[in-house]
Amino acid sequence: MTPPLHLSRFRLDLPRLFAWAAARRLPLEGGDLGYTVHCVLRAALGEDGPQPFSVHQLKADWDHSETVVYGYGPADGQRLRERLAASPDPAAAQALGEPQIKPLPDAWPRGLDLVFTVRVCPVVRQDCGGDRTRSKETDAFLVATNGRDPEEHPVDRGAVYAAWLARELARDGAAEMIDARMTAFARLPIRRRGGKPRGSASGSAIKPDATLEGRLRVTDPDAFARLLARGVGRHRAFGFGMVLLKPA
């Protein structure tokens, strides 16, 4: 049984976050904050740090925006506030600020339709030369287009990623995807602290970064709760895989 989840919301103090990251030589290339946010959550909150999570730029007014982190985890508001107050890394706690917490339903009704938004890294693992001990990650779109003439057999990237997501949501019978569309796409270098980009032997570490929106239907309440708690796909420590929900 999956512990009850809570949705947490942190409004980042970016100057404090950048100073904290720079002092620890965290990679900030490319402007993506995913791995830095993962590190600051762990430094401030330990195992109570929400995971999966997602980072969003929200419009505060005509001239300003704010950077907000949403995350799922079993810790409630009181637990998170106590951990922040007693954090062994006060600078990390100050970068996160005061959280807002909302409990998720204890049980998701079977057949419930929901609107979702999710940022994913749609890759598939492939064996190298048939050797399962040597596998690599490949963009799902490249797998779908391998050996095809793009002029004779055009392939829609959004459709490929939607099909990939439908398979992920259906794991263990958790949910059925009703429809989806890709609303954003980029290529993101995946780096960790003190290391080179993660990727192929050639040193390439460029991963697909796609945001999809659509509707899903809960088909197994327990499996769906586990899916939310785990997240979708790989590289969740970089801010991928959190399924944000709202009523249909």
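Letter by letter, the sequence shown follows residues 176 to 423 of the numbering used here. No residue lacks a Cβ here, since even glycine has one placed at the ideal position from N, Cα and C. Model, not experiment: these values are computed from the prediction.
When burial is assigned at 16 or more other CB atoms within 10 Å of the CB, is residue i buried or exposed?
i      : result
Ser310 : exposed
Gln301 : exposed
Ala260 : exposed
Arg362 : exposed
Gly221 : exposed
Pro225 : buried
Glu327 : exposed
Val215 : buried
Ala359 : exposed
Ala282 : exposed
Pro329 : exposed
My output table needs one value for residue i: the three-state DSSP class, helix, strand or coil.
i      : result
Glu312 : strand
Ala260 : helix
Val215 : helix
Pro227 : coil
Leu391 : strand
Glu327 : coil
Between residue i and residue j, what straight-line distance do the alpha-carbon atoms span, to the nearest angstrom?
i      : j      : result
His239 : Leu233 : 9 Å
Asp324 : Arg405 : 37 Å
Leu340 : Leu182 : 22 Å
Ile381 : Arg411 : 15 Å
Gly246 : Val230 : 9 Å
Arg401 : Gly248 : 11 Å
Ala338 : Ala315 : 10 Å
Val452 : Glu351 : The question about residue 452 has no answer, for the chain in this structure spans 176 to 423.
Leu189 : Thr313 : 33 Å
Pick out whichever of the options has its Cα sitting closest to the Cα of residue i.
i      : options                        : result
Arg199 : Asp324, Pro249, Gly224, Ala267 : Ala267
Arg191 : Leu271, Phe413, Val243, Pro179 : Leu271
Asp347 : Asp281, Glu222, Val393         : Val393
Ile276 : Phe185, Phe399, Leu391         : Phe185
Leu387 : Leu402, Leu403, Ala355         : Ala355
Arg258 : Leu279, Ala219, Pro284         : Ala219
Leu430 : Thr211, Val212, Pro227         : The requested residue 430 does not occur in the structure, where the chain is confined to residues 176 to 423.
Pro422 : Ser262, Pro280, Asp395, Leu317 : Pro280
Phe413 : Arg217, Gln253, Leu391, Ala250 : Arg217
Is the separation between the beta-carbon of residue i and that of residue j shorter than 8 Å?
i      : j      : result
Gly389 : Ile353 : yes
Pro274 : Leu255 : yes
Arg332 : Phe415 : no
Asp397 : Thr242 : no
Tyr336 : Pro364 : no
Thr292 : Leu419 : yes
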